[in-house]
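Below: one structure, written as structure tokens.
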Amino acid sequence: MTPEQFIPFWDALTINDRNRIKENLQTAANPGSGFFSSKRFMRGGIVFLLHGHLRIFLSSDEGREITVMTMKAGENFLVHPGEASHNRKGQLRFETSEDCEYAFLPKNVMAEVMRRSPEALEYVLETEELLIRRLADSLSYSAFVTVRGNLARTLLERSELKGKVRLTHEELANELGTTRVVISRELKKMEEFGLIRLGRGEIEILYRDGLRELAE
């Protein structure tokens with residue numbers, strides 16, 4: 205995929221700025237599901253998700269996780285310098301549920317283009333505003349929504365592509381900041397309601413509208 209296919213402000217750029225982006229745009233692929241290294245994001249910049257599904261989360265040394273947001277192909281997000289590093293609170297990590305491809309434009313190049321292009325500046329500001337809204341939504345869910353509602357929302361997000369969630373009860377508990385016993389109880393209730401089917405190592409979604417009602 206070429207830059208003009210996923211950078212909305214491409215047509216507004218000068219030839220020099222287009223060449224500058226082409227020279228510095230870094231593309232990468234992460235085959236299959238799992239984690240991938242975020243070291244290339246250390247300098248900050250903008251990430252364009254070209255293919256796949258991505259979960260961004262904070263992970264503590266004790267194994268606790270908090271989902272920051274989920275992304276799908278066609279979406280993008282800003283990474284500020286140092287966000288991908290480990291600190292005393294936790295580490296920002298990235299997880300894919302299938303083959304994933306992305307493009308990364310470093311901050312210094314992005315800043316140069318923004319100074320010369322009002323369209324690029326507006327796009328980045330809108331991206332930052334969207335990021336803040338999504339973070340606020342995520343925090344609101346964590347603080348004010350029940351475990352059942354949070355679990356329903358997580359199942360919907362993680363099953364968006366394949367209709368199934370391949371996570372253990374322990375992994376779901378870590379992601380939602382609760383215990384395996386609580387998650388197992390809630391999943392059993394959802395199965396009794398006909399919303400999901402529990403299997404070995406996976407959860408099949410049967411009734412998405414019902415889960416949406418719980419998540420609201």
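Numbering (the numbering used here), first residue to last: 205 to 420. Backbone N, C-alpha and C fix where the C-beta goes; we use that ideal spot for every residue, glycine too.
Going by CA-CA distance only, name the one from the options that's closest to residue i.
i           : options               : result
residue 244 : 298, 271 and 210      : 298
residue 414 : 406, 402, 395 and 403 : 395
residue 407 : 341, 252, 275 and 361 : 361
residue 220 : 313, 326 and 393      : 313
residue 342 : 331, 354, 333 and 308 : 354
residue 211 : 311, 328 and 232      : 328
residue 217 : 284, 418, 321 and 332 : 321
residue 273 : 393, 344, 388 and 416 : 344
residue 375 : 392, 405 and 310      : 405
residue 367 : 300, 333, 232 and 412 : 412
Kindly list the residues whose CB is nearer than 7 Å to the CB of residue i, restricted to its own chain and excluding five residues on each side of it in sequence; keep chain order.
i           : result
residue 207 : 214, 225, 226 and 229
residue 410 : 398, 399, 400 and 401
residue 363 : 369 and 409
Compute the distance between the beta-carbons of residue i and residue j, then report whether it is under 9 Å.
i           : j           : result
residue 352 : residue 326 : no
residue 358 : residue 271 : yes
residue 250 : residue 296 : no
residue 311 : residue 403 : no
residue 308 : residue 233 : no
residue 324 : residue 418 : no
Whose C-beta lies closer than 6 Å to the C-beta of residue i among residues of the same chain, with five residues either side of it excluded?
i           : result
residue 253 : 275, 277, 279 and 306
residue 222 : none
residue 388 : 373
Skipping 5 residues on each side, what residues in its chain have a beta carbon closer than 8 Å to that of residue i?
i           : result
residue 285 : 246, 247, 248 and 311
residue 331 : 250, 280, 281 and 282
residue 416 : 356 and 360
residue 392 : 402
The segment 315-327 / the segment 372-388 touching (three or more Cβ pairs under 8 Å): no
In chain order, each alpha helix (DSSP H) run of at least 4 residues that lies wholly inside the segment 296-357: 311-320 and 322-348
Give a yes or no on contact between the segment 254-262 and the segment 337-346, applying the rule of three or more CB pairs nearer than 8 Å. no
Go through the segment 363-412 residue by residue and report every complete run of the beta strand (DSSP E) that reaches 3 residues or more, in order. 400-403 and 406-409
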